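Novice:
In my numbering, the protein residues as written are 600 to 728.
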């Protein structure tokens, strides 16, 4: 079982808006709050966004070695996924691979791939246990 994921972000306010909206839509609850970070919990697992003073670069690049994306179970069915995607742009997310949505991962894999303003990608997967 995953304990937590910590993402270092270049702008805490922007990250708290985009990640907070998404994580809460996925059923996470606000967990911790401190001057340079926030976290959201689902069960025993939590996600942290932090604007750490120890960062050595000002941006995230999902195409370089390191974290490419996080994948989450999306609640509900395809129509719920479409509603979430429709709201996403209001919260700093854009749909990746729109020409292949929602089957960019293949014909049997219903998911949305979103990228936020800071370059972090999430995959929201429908219908898998």
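Beta carbons are placed, not taken as given, at the ideal position from N, Cα and C, and that holds for glycine.
Small disclaimer: the values here were computed from a predicted structure and weren't measured.
In terms of residues, what are the limits of the alpha helix (DSSP H) holding residue 684?
Specialist: Taken as a continuous stretch (DSSP letters only), the alpha helix (DSSP H) holding residue 684 covers 677–687.
Novice: If you scan the stretch 617–695 from start to end, which runs of the beta strand (DSSP E) of 3 or more residues do you find wholly inside it?
Specialist: Listed in chain order, the complete beta strand (DSSP E) runs (minimum 3 residues) inside the stretch 617–695 are 628–633, 636–641, 644–649, 668–672, 692–694.
Novice: Can you say whether residue 666 is buried or exposed, counting buried as having 16 or more other CB atoms within 10 angstroms of its CB?
Specialist: Exposed, by the Cβ-count rule.
Novice: Please classify residue 633 as buried or exposed, where buried requires at least 16 other C-beta atoms within 10 Å of its C-beta.
Specialist: Its Cβ having fewer than 16 others within 10 Å, residue 633 is exposed.
Novice: Looking only at its chain, what residues have a beta carbon closer than 6 Å to the beta carbon of residue 720, apart from the 5 residues adjacent to it on each side?
Specialist: Same-chain partners within the cutoff: 661, 668, 714.
Novice: Nearest CA to the CA of residue 673: which residue from 607, 681, 723?
Specialist: For residue 673, the nearest C-alpha among the options comes from 723.
Novice: Taking the alpha-carbon of residue 708 as reference, which of 696, 693, 726 has the nearest alpha-carbon?
Specialist: That would be 726, whose Cα lies nearest to the Cα of residue 708.
Novice: Report the residue from 654, 717, 711, 641 whose alpha carbon sits nearest the alpha carbon of residue 603.
Specialist: Answer by Cα proximity: 641.
Novice: In angstroms with no decimal places, state the Cα-to-Cα distance between residue 663 and residue 692.
Specialist: Roughly 20 Å separates the two Cα atoms.
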